[in-house]
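Asks: So the sequence shown is numbered by UniProt numbering: it starts at 1 and just counts up by one.
By construction, the Cβ of each residue, glycine as well, lies at the ideal position given by its N, Cα and C atoms.
All figures in this text were calculated on a predicted structure; none of them were measured in a lab.
Here it is, the structure in full.
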Amino acid sequence: MADAVVVGAGIIGLSTAFRLVERGWSVRVCDPAPAMGATRAAAGMLAPAAEVVWGQEALWPLMRDSAELYPELVERVESVTGMAAGYVRNETVVVGLDAADRLALDELTKQQTAFGMRAERLDALAARRLEPALGPGVVGGVRLRDDHQLDPRRFTGALLAWLGDRVVREPVRSLRRVDGTTRGVILADGTEIAAEQTVIATGRALLPELSQLPLRSVHGDILRLRFAPERPPLIDRTVRALVRGRPCYVVPRPGGELVVGATSREDGRDGVSAEGVHRLLEDARRALPGLLEADLAETMVRARPGTPDDLPLIGRIDDGAVVSTGYFRHGILLAPLGSALTAALTTGEPVDPSTLRAVDPERFAMAGAGAPNPSHHEEEQE
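What follows is the structure in structure tokens.
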């Protein structure tokens with residue numbers, strides 16, 4: 001018996017569990033492979049400015065507000081766990097590789113500044129002063145001082161260690177129903193965990209309740225390169241690039257690691273794409289030629305749950321269950337806001353109505369024939 005059971009131990013589920021335990025709730029988190037899904041692959045860019053995409057105005061305030069919540073959440077996690085959470089304020093530089101890329105960055109910068117974000121245009125020389133390793137083909141860029149990064153593996157590792165035996169490493173077979181209301185879960189081995197409230201924070205379509213939601217699986221290939229630890233860092237900031245219109249990013253980590261990503265495909269293939277690896281290395285090489293001197297330490301692919309408008313689905317599905325999924329490539333960035341909203345809904349606390357409307361799981365059904373179509377533009381894995 002628990003006050004709440006959380007299905008899914010990615011960054012959303014673990015952060016929600018953390019907030020519930022802080023409130024004094026007894027919690028169980030169920031996942032056969034905690035933090036090994038999309039969270040494991042994610043580069044961890046906290047980039048509300050760089051993630052601005054045309055036609056997604058409803059998403060921008062959520063990204064901005066969540067980024068502002070990160071320092072406080074990280075401070076609390078580090079305080080109770082005694083472990084570093086991997087939060088780094090290291091800025092982002094976005095560069096273009098040809099005239100069309102530069103024009104696209106110009107237009108995007110106008111939108112970013114109109115929305116109140118700090119975005120400074122850079123010519124090629126100014127960009128290289130910030131990051132001397134940039135390639136000769138770079139024609140200009142944008143400096144985003146407020147776009148930082150988190151190491152999702154360290155952050156979720158701290159939460160998992162702190163939650164300890166509250167984490168049940170078993171798959172959930174179904175929700176437990178009492179008089180038509182969700183009251184916990186039934187594990188694959190038949191074990192029942194009774195709970196007053198259940199949080200569904202997994203993107204895996206294993207539960208019938210998820211099959212009723214407008215979710216789609218978007219796979220992303222991502223690479224990790226590694227230099228010798230004693231070598232000076234190739235870059236100090238996250239470098240994002242437009243290469244003939246294709247997005248690419250390189251995120252520096254302590255110890256000589258570089259995270260390179262990411263492709264976006266909806267072909268249902270769970271294996272790493274050879275084409276994707278080639279494209280990532282080629283585009284990253286054009287932006288930062290020196291990265292080809294690194295070792296290829298890891299290739300990985302994970303599926304992210306997406307929605308028709310790329311906003312998450314957060315809301316009640318009955319008196320005993322809250323769903324919190326569909327974060328697509330923004331799961332890391334939106335973790336503070338998403339977990340705060342999910343925990344508040346679970347405990348019955350008041351929430352901001354406008355935010356709740358933006359992420360309402362029923363919004364597409366209410367829109368009817370006017371519901372937005374799935375987006376097919378190139379995206380990146382956070």
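1) Please state whether the Cβ-Cβ distance between VAL95 and LEU134 is less than 8 Å.
2) Are residue 389 and ARG240 close, meaning C-beta to C-beta below 8 Å?
3) For LEU313 versus LEU213, is the C-beta spacing smaller than 8 Å?
4) Hey, is the segment 312-327 in contact with the segment 344-361, meaning 3+ C-beta pairs nearer than 8 Å?
5) Tell me whether LEU125 is buried or exposed, calling it buried when 16 or more other Cβ atoms sit within 10 Å of its Cβ.
6) If you count every other CB in all the chains shown that lies within 10 Å of the CB of GLY245, and 16 or more means buried, which is it?
7) Output the distance between the C-alpha atoms of LYS110 and VAL250, rounded to the nearest integer angstrom.
8) Would you mind sorting GLY348 into buried or exposed? The rule is 16 or more other CB atoms within 10 Å of its CB.
9) Within 10 Å of its beta-carbon, does SER15 have 16 or more other beta-carbons around it, so buried, or fewer, so exposed?
10) ARG304 by DSSP, collapsed to three states: which one?
11) With DSSP as the reference, label SER354 as helix, strand or coil.
12) Name the DSSP bridge partner or partners of GLN197?
13) Under 8 Å, Cβ to Cβ, is there at least one residue of chain C near GLY268?
14) Considering just the uninterrupted stretch of the alpha helix (DSSP H) at ILE11, what are its terminal residues?
15) Quick one: Cα of ALA38 to Cα of THR325, how far?
16) Does the Cβ-Cβ distance between THR238 and MET45 come in under 8 Å?
17) Taking the alpha-carbon positions, what's the ARG118 to GLY331 distance?
18) Using three-state DSSP, classify LEU144 as helix, strand or coil.
19) How many angstroms separate the CA atom of residue 412 from the CA atom of GLY157?
20) Using the Cβ count rule (16 or more neighbours within 10 Å means buried), how would you classify ARG183?
21) Between VAL351 and GLY180, what straight-line distance do the alpha-carbon atoms span, to the nearest angstrom?
22) Looking only at C-alpha atoms, which of VAL74, ASP31, GLU51 and CYS30 sits nearest to ARG19?
23) Look at the Cβ atom of ALA43, then the Cβ atom of ILE193, and state whether they are nearer than 8 Å.
24) Does PRO353 pass the burial test, meaning 16 or more other C-beta atoms within 10 Å, or should it be called exposed?
Replies: According to the structure shown:
1) For VAL95 and LEU134, yes; Cβs fall inside 8 Å.
2) As displayed, the chain neither begins before 1 nor continues past 382, which places residue 389 out of reach and without an answer.
3) In this structure, LEU313 sits near LEU213, with a CB-CB distance shorter than 8 Å.
4) Contact between the segment 312-327 and the segment 344-361 is present, because at least three Cβ pairs lie under 8 Å.
5) Taking all protein chains shown into account, LEU125 has fewer than 16 neighbouring C-beta atoms within 10 Å of its C-beta and is therefore exposed.
6) With fewer than 16 other beta carbons inside 10 angstroms of its own, GLY245 counts as exposed.
7) If you take the alpha carbons of LYS110 and VAL250, they lie about 24 Å apart.
8) With fewer than 16 other Cβ atoms within 10 Å, it is exposed.
9) It is buried - the Cβ of SER15 has at least 16 other Cβ atoms within 10 Å.
10) In the structure shown, ARG304 sits in a strand (DSSP, three-state: E or B).
11) Look at SER354 here: in three-state DSSP terms it is helix.
12) Within the DSSP bridge table, the entry for GLN197 names ALA4 as partners.
13) Looking at the structure shown, chain C is missing, and only one protein chain is on hand.
14) Here the alpha helix (DSSP H) through ILE11 covers 11-22.
15) Spanning the two alpha carbons is a distance of roughly 12 Å.
16) In contact: THR238 and MET45 (Cβ atoms closer than 8 Å).
17) Each residue's Cα considered, the two are about 22 Å apart.
18) Three-state DSSP puts LEU144 in a strand.
19) Only positions 1 to 382 of the chain appear in this structure, which leaves residue 412 out of reach.
20) ARG183 comes out buried.
21) Their backbone Cα atoms lie some 26 Å apart in a straight line.
22) Of the listed residues, the one whose Cα sits closest to ARG19 is VAL74.
23) Against a cut-off of 8 Å, the Cβ pair of ILE193 and ALA43 comes out as no contact.
24) Exposed, by the Cβ-count rule.
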